[in-house]
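Student: Here it is, the structure in full.
Residue numbers (full-length UniProt numbering), protein chains in the order written: chain A, 1 to 438; chain B, 1 to 219; chain C, 1 to 301.
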């Protein structure tokens, strides 16, 4: 920018990104499909702070006094609930959208610290089952690779109604990534642009979902927890209806939730921010007297122990991470800067998960690129990252005097903006004012 | 007998191939005889609710009556036969096996099919074989609107009318290999007396396999 | 999101058994709708010049006699009334609309559930079995009945928010599904057609739409055909009128529906299991209604 003419004035309405998109649309005639999550600025958990303890509350001694992080998921109906050592799970990401090495690395990393991973829209691979001590099997509208043997091999079943990146939309996987193995797992011709349905083929609505849950329980002898995952569309009603339909666990995914390939217009313009979604979902559970009985997992833009702690304080039982986990594996690594440049992007900006050319070898089916990711080393990086998130969460919980991370409360928080105060239902910092509440 | 007990008996370990079970008075119960995974024979006497014989593997299930939504959904192998009508999404996402419907099938029959075979002696409802990927649907009667919409490599044979095809579904030539397949399926379904040359064959035009601006009207 | 059932008798010989046949149908749909339940029963038509109103007051100790007396003297009519738990049926001369207004003006907690010559609507929160027991449903007689068990989606779980909804004389509608354009339609019907809405429920909008069309001279059958074009979303409707009964599913038809017909009756349910105890069901014609096709019996269809 050294040659910048300071009298040039960029339009706020037609800024460089907008102009680039109009030009792209005019050239291709198709909407933009990309990966990653929402990129524009929205209110987030960053707009909250913990109050900490001092005179009126007493903190726990860091590193010495115990702060429990264990979570049990799915004891409502399942005879074999999921037991996690940490309140952070790995969100569903398919083999197909991710390389086999990336899936293996996720399994290794999560298992090392005692948490679960999740399959995605594309079936269960032996690699991920083998490397995940606790594996959640997604039950999606496409039912790619769905079969009763894998259902029984899973530790829990997650019925996907929607995801944060695209509530109301179906999946998409472009031809570059439909290799022979991916195509075979999905019963599709190689190289096509694969569309996934947005509604399940054999049920619509919570009354019918209740019957679908009955079937899955009958097939798995009532052993496995049933999760229902929704994008944050109408979180209060969606949570209440998931509970009424018989869920053991509700997964609520805010709009920052990532994706392998979705229309940009969906990613940026549909769904509620995670910050706004959590209190609504928690309220629904409380109104049904199901808070802590049906567990709530929150996803969408969780990056740090602070995010984890704030989500738990607002009432979640656990969080899930997707994009952050990929970054921990090596996504957008500056070590591949030259490759990113060749693709017309830069390390840190890479979002074309859909096109299979990932220099880091994660969101690709190209065997040469996939080889770049060492699943053992990447798995260790993920485990390290999960340990940091956990340590940070514990640190914040202890500072607020909690011996279990689930004992953090909204009362331990204050909001830095009026918007965040209204969305989270916590007072604006320095006041007792919660906008919208009398 | 509670559903769980009935299914536990059918799913239980002590199953010799060909063992025969009869379920009486199903009273429209849901999820009956689902998750079976051995070569047993089950006869259900009466109408069933949703997802009867769901995810079936190896077993042969006969429903003497009508079946509700999603009969034989995600079947892997074996055979499910319904003497009456079936509700929507019959045989949805089935990967294998044979579903025979002696009456009519409602909407979305064979939706997202992944390899199973379905023979319907009556008519099928709208959006049948929507996004079907592999496998075969044979309809002896008429097909409803938008047959085979967004079809992949699955095959459809219709003896009656199929006037309103879905996006990317087209009529294709019925060659000897297809007549052979039809004869085989009709034989298994118990209607060998039907003349296979009366059928029309439908499949994917493959024009929607890749996103192109020319296809925008079809989305 | 719900279970719906309907029973329309084609022969009067079964009239005394309407409630006995209908009650198990309603209770069987409990899983689909555990929050509240309601029924519309068509029986004992009021005599010429009389109207019949069903009203609800949440207080079991409410003085209905005093209400009847006050409204009688206000409007100069004679009101006959009898109790059924929290609901009361009032039979009176005069105009239905004036009576409804007078009743609702008398006490803000009073709600008129239905008005007409033949219809009576009873609905309450709670399990269908409790609701049926409370109102003595199984002993009710009549020509047809429409019932609903509710799994509330967006609007509140209240007595008023329970189905069936009645927005016109002798008309009731129940719904399984979720409409996607009801807010704007509600605004139109309220602003331009003078319809007063009592809830935020999408089904009330559908009921109002149908009664508005019928007030404008369309038959029940025609009004439902119109709704295929104007109502967006997912729905299965069952509609009752004084002497008619109709079923409609949206063009996509995801929500379940089963019809059964014999020489004696037409029965509808969300699922077949609600029909299993009906006499002669083994030999009845049982089928799934086609999408976007109006099925109607009786009435001005």
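All residues carry an ideal CB built from backbone N, CA and C; glycine is no exception.
All figures in this text were calculated on a predicted structure; none of them were measured in a lab.
In this structure, does DSSP put residue 64/B in helix, strand or coil?
Tutor: Counted from its first residue, the second chain places residue 64/B at position 64. Reduced to three states, the DSSP call for residue 64/B is strand.
Student: Give the secondary structure of residue 12/B by DSSP, where H, G and I count as helix, E and B as strand, and everything else as coil.
Tutor: If you number the second chain from 1, residue 12/B lands on position 12. Three-state DSSP puts residue 12/B in coil, outside helix and strand.
Student: Below 8 Å, can you find three or more Cβ-Cβ pairs linking the segment 79 to 90 of chain B to the segment 151 to 165 of chain A?
Tutor: Because the criterion of three Cβ pairs below 8 Å is not met, the segment 79 to 90 of chain B and the segment 151 to 165 of chain A do not touch.
Student: Could you confirm whether any beta carbon from chain B is found closer than 8 Å to the beta carbon of residue 185/A?
Tutor: Residue mapping note: residue 185/A aligns to position 185 of the first chain, counting from 1. Not closer than 8 Å to any Cβ of chain B, the Cβ of residue 185/A fails to qualify, so no.
Student: For residue 123/C, which of helix, strand or coil comes out of DSSP?
Tutor: Start at 1 with the first residue of the third chain, and residue 123/C comes out as number 123. It is a strand residue.
Student: Tell me the rounded alpha-carbon separation between residue 120/B and residue 185/C.
Tutor: As a working note, residue 120/B is residue 120 in the second chain. As a working note, residue 185/C is residue 185 in the third chain. If you take the alpha carbons of residue 120/B and residue 185/C, they lie about 41 Å apart.
Student: Can you grab the Cα-Cα spacing for the pair residue 100/A / residue 303/A, in whole Å?
Tutor: Position 100 of the first chain, counting from 1, holds the residue named residue 100/A. Position 303 of the first chain, counting from 1, holds the residue named residue 303/A. Their backbone Cα atoms lie some 24 Å apart in a straight line.
Student: Please tell me whether residue 234/C has its Cβ less than 8 Å away from any Cβ of chain A.
Tutor: The residue you call residue 234/C lines up with position 234 of the third chain. Cβ-Cβ to chain A under 8 Å: yes for residue 234/C.
Student: Measure from the C-beta of residue 91/B to each C-beta in chain C and report whether the shortest distance is under 8 Å.
Tutor: Stepping through the second chain from its first residue, residue 91/B is reached at position 91. Chain C contact via Cβ: absent.
Student: Just the C-alpha distance for residue 369/A and residue 204/B, rounded to the nearest angstrom, thanks.
Tutor: Numbered from its first residue, the first chain carries residue 369/A at position 369. Numbered from its first residue, the second chain carries residue 204/B at position 204. The straight-line gap from Cα to Cα measures roughly 33 Å.
Student: Against chain A, which members of the segment 175 to 197 of chain C pass a CB distance test of less than 9 Å?
Tutor: Under the 9 Å Cβ criterion, the segment 175 to 197 of chain C contributes 176, 177, 178.
Student: Is residue 287/C helix, strand or coil when you go by DSSP?
Tutor: By 1-based counting over the third chain, the position of residue 287/C is 287. Strand at residue 287/C.
Student: State whether the segment 192 to 211 of chain B contacts the segment 94 to 113 of chain B, with contact taken as three or more CB pairs (one from each stretch) at a distance under 8 Å.
Tutor: Contact fails: fewer than three Cβ-Cβ distances are below 8 Å.
Student: For residue 432/A, does the count of other Cβ atoms within 10 angstroms reach 16, so buried, or fall short, so exposed?
Tutor: Translated into the one-based positions of the first chain, residue 432/A becomes position 432. It counts as exposed.
Student: For residue 22/C, count neighbouring C-beta atoms within 10 Å of its own C-beta (all shown protein chains included) and say buried if the count is 16 or more, exposed if not.
Tutor: Against the third chain, residue 22/C aligns to sequence position 22. Under this definition residue 22/C is a buried residue.
Student: Please list, in chain order, the residues of the segment 263 to 291 of chain C that have any C-beta partner in chain B closer than 8 Å.
Tutor: So the close ones are 271, 272, 273, 274, 275, 276, 286, 287, 288, 290, 291.
Student: Scan the segment 243 to 261 of chain C for residues whose Cβ lies nearer than 7 Å to a Cβ of chain B and list them as they occur along the chain.
Tutor: The segment 243 to 261 of chain C vs chain B, Cβ under 7 Å: 253, 256.
Student: Distance, Cα to Cα, residue 184/A vs residue 94/B?
Tutor: As a position in the first chain, residue 184/A is number 184, starting the count at 1. As a position in the second chain, residue 94/B is number 94, starting the count at 1. Cα to Cα, residue 184/A sits roughly 15 Å from residue 94/B.
Student: Am I right that residue 88/A and residue 166/A are in contact with their C-beta atoms under 8 Å? What's the rounded C-beta distance?
Tutor: As a first step, residue 88/A is located in the first chain; it is residue number 88 there, counting from the start. As a first step, residue 166/A is located in the first chain; it is residue number 166 there, counting from the start. The Cβ separation is near 23 Å, so there is no contact.
Student: In three-state DSSP terms, what is residue 172/B?
Tutor: In the second chain, the residue the question calls residue 172/B occupies position 172. Here residue 172/B sits in strand by DSSP.
Student: For residue 74/B and residue 168/B, I'd like the C-alpha separation in whole angstroms.
Tutor: In the second chain, counting from the first residue as 1, residue 74/B sits at position 74. In the second chain, counting from the first residue as 1, residue 168/B sits at position 168. Going by the C-alpha atoms only, they are around 24 Å apart.
Student: Taking C-beta to C-beta, are residue 158/B and residue 199/B nearer than 8 Å?
Tutor: By one-based count along the second chain, residue 158/B stands at place 158. By one-based count along the second chain, residue 199/B stands at place 199. Yes.
Student: What does residue 153/C reach in chain A if we use C-beta pairs closer than 7 Å?
Tutor: Along the third chain, one-based indexing puts residue 153/C at 153. Correct list: 237, 241.
Student: At the level of alpha carbons, what is the spacing between residue 420/A and residue 270/A?
Tutor: Start at 1 with the first residue of the first chain, and residue 420/A comes out as number 420. Start at 1 with the first residue of the first chain, and residue 270/A comes out as number 270. Computed Cα separation, rounded: 19 Å.
Student: Where residue 297/C and residue 82/A are concerned, what is the direct C-alpha to C-alpha distance, given to the nearest angstrom?
Tutor: The residue given as residue 297/C occupies position 297 in the third chain. The residue given as residue 82/A occupies position 82 in the first chain. Computed Cα separation, rounded: 53 Å.
Student: Leaving out the 5 sequence neighbours to the left and right, which residues in its chain are closer than 7 Å to residue 283/A when beta-carbon positions are compared?
Tutor: Residue mapping note: residue 283/A aligns to position 283 of the first chain, counting from 1. Excluding positions up to five away in sequence, the list reads 236.
Student: Counting C-beta neighbours from all protein chains within 10 Å, is the total for residue 123/B 16 or more, i.e. buried, or is it exposed?
Tutor: Here residue 123/B corresponds to residue number 123 of the second chain, with the count starting at 1. Buried, because 16 or more other Cβ atoms sit within 10 Å of the Cβ of residue 123/B.
Student: What first and last residue would you give for the beta strand (DSSP E) that runs through residue 253/A?
Tutor: Working through the first chain from its first residue, we reach residue 253/A at position 253. Element bounds for residue 253/A: 249 to 253.
Student: Whose Cβ in chain A lies nearer than 7 Å to the Cβ of residue 114/B?
Tutor: On the second chain, residue 114/B is found 114 positions in, with the first residue counted as 1. The contacting residues are 187.
Student: Kindly confirm or deny that the segment 165 to 184 of chain C and the segment 202 to 219 of chain C touch, where touching means at least three C-beta pairs closer than 8 Å.
Tutor: With the cut-off at 8 Å, the segment 165 to 184 of chain C and the segment 202 to 219 of chain C touch.
Student: Starting from residue 384/A, follow the beta strand (DSSP E) in both directions and report where the run begins and ends.
Tutor: Start at 1 with the first residue of the first chain, and residue 384/A comes out as number 384. No beta strand (DSSP E) holds residue 384/A; the alpha helix (DSSP H) holding it covers 375 to 399.
Student: Give the DSSP bridge partners of residue 172/A, in chain order.
Tutor: Reading the first chain from its first residue, position 172 is the one you call residue 172/A. In the DSSP output, where bridge partners are listed per residue, residue 172/A has 195/A.
Student: Residues of chain A with a CB under 8 Å from the CB of residue 109/B: which are they?
Tutor: Within the second chain, numbered from 1, the residue matching residue 109/B stands at position 109. Result: empty, since nearest Cβ-Cβ is about 11 Å, beyond 8 Å.
Student: Since residue 99/C sits in a beta bridge, which residues does DSSP pair it with?
Tutor: Your numbering for residue 99/C matches position 99 in the third chain. Answer is none; residue 99/C lacks a bridge partner.
Student: Taking Cβ positions only, does residue 188/B come closer than 8 Å to chain A?
Tutor: Looking up residue 188/B in the second chain gives position 188. No, because no Cβ of chain A sits closer than 8 Å to the Cβ of residue 188/B.
Student: Can residue 350/A be considered in contact with the ligand ZN, in the sense that its beta carbon sits closer than 7 Å to one or more heavy atoms?
Tutor: Of ligands this structure carries none, so the ligand ZN is not represented either.
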